[in-house]
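Peer 1: Pasting a structure below so you can have a look.
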Amino acid sequence: MRRLINQHPGRAAGLALGVLPFVALLVLYVVASQLRLAENPDDKLLPALGKIASTFHSYAFEEDSRTGRVLFWADTWASLKRIGSALVISAMLGMVLALTIGVVPRARALLSPLLGTIAMIPPLAILPVLFIVLGLEETAKIALIVIGIAPCIARDLALRVGELPKEQIIKAQTLGASTWQLVVRVVLPQLWPRLIDSLRLSMGSAWLFLIAAEAIASTEGLGYRIFLVRRYLAMDVILPYVVWITLLAVLSDLGLRVLRARAFRWAEPER
Amino acid sequence: MATVSVRHVWKEYGSAVVLENVRLEIADHEFVTIVGASGCGKTTFLKMLLGMEQPTRGQILIDGVPIRPEPDPDRGVVFQRYSSFPHLTVLENVMLGLELRSSKLTGKLFGAARREARAASMAMLESVGLAHAADRYPAQLSGGMQQRMSIAQAVIRKPKILLLDEPFGALDPGVTADMHELILRLWEENRMTIFMVSHDIQESFQLGTRLLTFDKLRVDPQSPEAYGASVTYDMPLTRRPTRPHPLPA
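So the sequences go chain by chain: Z and A. The opening residue of the first sequence carries number 6 in the working numbering; numbering runs sequentially from there. The opening residue of the second sequence carries number 38 in the working numbering; numbering runs sequentially from there.
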């Protein structure tokens, strides 16, 4: 018998093992739901799968009588726009800050302590400030996400710049690179795959801040909907929304991973 | 043309003296090999020639002019490791020096200028025997091939001085012999002055036209850092081998 550390599941077995916990959770839910519904048919806490499906159908394929919009897709679009623009802004901001801090020692001395401090501000604590200053529209919500994740991305990327071997930086100078050329030809191109890693790690916080902002002041969005129907204990809406948000997050994570592998072949570990 | 004058150079870190009173006059087209125990300051000396570190006292001049206190294209370098750019292919690595020279804003060349730089780089790769690997990334190369690429990358900018910091230290003996041949050929073709730090004494005798050993002249057993190393032997090697002897297999 080989040691546990040397026993690798085959392809099929590995896949089956991965799926197993999901199936187990689903079975657990169905059983628990049936037990509760048998006791009280009006129970709202664990609605039957059929009930969830019919509610989801009306949200996703029928127009809302009040607004005339298909709520599920309107919510999805509103949320994706917010989180998408916040991620793009954070990525650009993080990149510029990291390059400045990582490459120019004077800029590091100037900005590094400030950035370290800003990164420690709990973003939700200044959410009211954002709403007061920026109003209740989109800007405040996007700003919350950016404030939440951009400093972390910037610090992470600045560390990555610091990890570049000193030999590379010296070599570039002996090839005649100016500071600017060093940034655009040596440091920046090596930072792109790191940025993708950093964005993947920030995705969880980004969703957290998005939903927090939407819960407090919004008229549409996935987080808004969840918090709106909460007062009716409408688990048949909340649960599919949560599953959908999770699915969106998983898909964007996968998308970023594939992008990294395709666009930055040099950064992939050798197989 | 590149003569190097090292005038009374001292290097101290706080109270620790690493190098003391190094004085050297190096003629043009000299192949200087530097040996010494580890920690004797030979790498520090190379770093000062490169401009990575500044002498605490004294002066280093190239062709009578004090060196710039930072690395520049007059002084090329090949380190033992990490001196290639992992995000560029072998060809792009070699082309980089030409692109940086001609394109100040983007560091990239386009059109006819690019084709010209490409052709020059391919010729360089041909000359170091790497043309077949032009489109690979450095991580896909063996250690010897990576060093060939690093050398090509440095030489294509035609530096006056080439600094080699144990460039063959991590290579297999068979590969090393080929590398010796390559570096001697490039040294002849490009009329560079070469400084090479090595821990391999045989290699230093084979390649050099002048061999320096760094060691401490005085030792205070109570405080080993009180005195620094200096050049203890300065040997002109009259026998100028155009080819190194093949190593016994």
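Where a beta carbon is used, it is the ideal one built from N, C-alpha and C, also for glycine.
Check each residue of the segment 192–224 of chain A: if its Cβ is closer than 8 Å to any Cβ of chain D, include it; give the result in chain order.
Peer 2: The question asks about chain D, but that chain is absent: this structure's protein chains are Z and A.
Peer 1: Identify the residues that DSSP records as bridge partners of Ile99 of chain A: which are they?
Peer 2: DSSP output for Ile99 of chain A lists A:Val41 and A:Val102 as bridge partner(s).
Peer 1: Going by C-alpha to C-alpha distance, which of Z:Val166, Z:Ala220, Z:Ala53 and Z:Asp48 sits closest to Ala103 of chain Z?
Peer 2: Out of Z:Val166, Z:Ala220, Z:Ala53 and Z:Asp48, Z:Val166 has the C-alpha closest to the C-alpha of Ala103 of chain Z.
Peer 1: Using beta-carbon positions only, say whether Val127 of chain A and Ser120 of chain A come within less than 8 Å of one another.
Peer 2: For Val127 of chain A and Ser120 of chain A, no; Cβs fall outside 8 Å.
Peer 1: In chain order, what residues of the segment 106–122 of chain A put their CB closer than 9 Å to some CB of chain Z?
Peer 2: Going along the segment 106–122 of chain A in chain order, one finds Glu107, Pro108, Asp109, Pro110, Asp111, Arg112, Gly113, Val114, Val115, Phe116, Gln117, Arg118, Tyr119, Ser120, Ser121 and Phe122 with a Cβ nearer than 9 Å to chain Z.
Peer 1: Helix, strand or coil, according to DSSP, for Asn227 of chain A in the structure here?
Peer 2: Helix at Asn227 of chain A.
Peer 1: Name the chain Z residues whose beta carbon is nearer than 7 Å to that of Met89 of chain A?
Peer 2: Ordered by position in chain Z, the residues that pass the 7 Å Cβ test against Met89 of chain A are Ile175.
Peer 1: For the alpha helix (DSSP H) that Glu143 of chain Z lies in, which residues bound it at each end?
Peer 2: Its alpha helix (DSSP H) spans residues Glu143 to Glu168.
Peer 1: Go to Asn130 of chain A, then tell me how far its alpha helix (DSSP H) extends in each direction, as first and last residue.
Peer 2: First-last of the alpha helix (DSSP H) with Asn130 of chain A: Val127 to Ser139.
Peer 1: Count the other C-beta atoms from every protein chain shown that fall within 10 angstroms of the C-beta of Asn45 of chain Z, then say buried if there are 16 or more, exposed otherwise.
Peer 2: Label assigned to Asn45 of chain Z: exposed.
Peer 1: Should Leu274 of chain A and Phe251 of chain A be called a contact, given that it needs their Cβ atoms to be closer than 8 Å?
Peer 2: Result no, Cβ atoms of Leu274 of chain A and Phe251 of chain A do not sit closer than 8 Å.
Peer 1: In three-state DSSP terms, what is Ala21 of chain Z?
Peer 2: Helix at Ala21 of chain Z.
Peer 1: Can you find a C-beta in chain A that's less than 8 Å from the C-beta of Pro194 of chain Z?
Peer 2: For Pro194 of chain Z, the answer is yes, since a Cβ of chain A falls inside 8 Å of its Cβ.
Peer 1: Could you give the residue range of the beta strand (DSSP E) that holds Thr70 of chain A?
Peer 2: Thr70 of chain A -> beta strand (DSSP E) spans Phe68 to Gly73.
Peer 1: Nearest by alpha-carbon distance to Ile123 of chain Z: which of Z:Gly89, Z:Leu92, Z:Val138 and Z:Ile158 is it?
Peer 2: Ranking Z:Gly89, Z:Leu92, Z:Val138 and Z:Ile158 by Cα distance to Ile123 of chain Z puts Z:Ile158 first.
Peer 1: For Thr179 of chain Z, which residues in chain A fall below 8 Å Cβ to Cβ?
Peer 2: Near Thr179 of chain Z (Cβ distances below 8 Å), the residues of chain A are Leu87, Pro108, Asp109, Pro110, Arg112, Gly113, Val114, Ala191, Arg194 and Pro196.
Peer 1: Ala170 of chain A and Met182 of chain A look like a contact to me (Cβ under 8 Å); what is the Cβ gap, rounded to whole Å?
Peer 2: With 8 Å as the limit, Ala170 of chain A and Met182 of chain A qualify as a contact, their Cβ atoms being about 6 Å apart.
Peer 1: Quick one: any contact between the segment 267–274 of chain Z and the segment 196–209 of chain Z, if contact means 3 or more CB pairs under 8 Å?
Peer 2: The segment 267–274 of chain Z is in contact with the segment 196–209 of chain Z.
Peer 1: Ordered along the chain, which non-local residues of its own chain (more than five positions away) have a Cβ less than 6 Å from that of Phe122 of chain A?
Peer 2: Only Asn130 meet the Cβ criterion.
Peer 1: Can at least three beta-carbon pairs, one atom from the segment 100–109 of chain A and one from the segment 78–89 of chain A, be found at a separation below 8 Å?
Peer 2: With a cut-off of 8 Å, the segment 78–89 of chain A and the segment 100–109 of chain A count as touching, because enough Cβ pairs lie within range.
Peer 1: Which ranges does the beta strand (DSSP E) cover as unbroken runs of at least 3 residues, wholly within the segment 238–279 of chain A, from first to last along the chain?
Peer 2: As far as the segment 238–279 of chain A is concerned, its whole beta strand (DSSP E) runs of at least 3 residues are 247–253 and 266–273.
Peer 1: With distance defined between alpha-carbon atoms, name the residue in Z:Gly181, Z:Leu116, Z:Arg190 and Z:Pro133 nearest to Ala163 of chain Z.
Peer 2: Answer by Cα proximity: Z:Leu116.
Peer 1: Less than 8 Å between the beta carbons of Arg87 of chain Z and Ile147 of chain Z, yes or no?
Peer 2: Yes. Within cutoff.
Peer 1: Mind checking Arg276 of chain Z: buried by the 16 CB within 10 Å criterion, or exposed?
Peer 2: With a pLDDT of 48 at Arg276 of chain Z, under the threshold of 50, the modelled position of this residue cannot be trusted; read the value that follows with caution. Under this definition Arg276 of chain Z is an exposed residue.
Peer 1: What distance in whole Å lies between the Cβ atoms of Ile220 of chain A and Ile188 of chain A, which are believed to be in contact at a cut-off of 8 Å?
Peer 2: 7 Å between Cβ atoms; contact.
Peer 1: Taking only beta-carbon positions, decide if Thr250 of chain A is within less than 8 Å of chain Z.
Peer 2: Taking Cβ atoms only, chain Z never reaches closer than 8 Å to Thr250 of chain A, which makes this a no.
Peer 1: For Leu61 of chain A, report the span of its beta strand (DSSP E) as first-last.
Peer 2: Taken as a continuous stretch (DSSP letters only), the beta strand (DSSP E) holding Leu61 of chain A covers Ala53 to Ile63.
Peer 1: In the DSSP assignment, find the unbroken beta strand (DSSP E) run with Leu201 of chain A in it and report its ends.
Peer 2: First-last of the beta strand (DSSP E) with Leu201 of chain A: Ile198 to Asp202.
Peer 1: Just to confirm my understanding: we take Arg205 of chain Z, look at its own chain, exclude 5 residues before and 5 after, and list those with CB closer than 8 Å. What are they?
Peer 2: Correct list, in chain order: Asp258, Leu261 and Arg262.
Peer 1: Give me the chain A residues within the contact set of Arg190 of chain Z, using Cβ-Cβ distance strictly less than 9 Å, ordered along the chain.
Peer 2: Within chain A, the residues near Arg190 of chain Z are Phe122, Leu125, Leu133, Glu136, Leu137, Thr143, Gly144 and Lys145.
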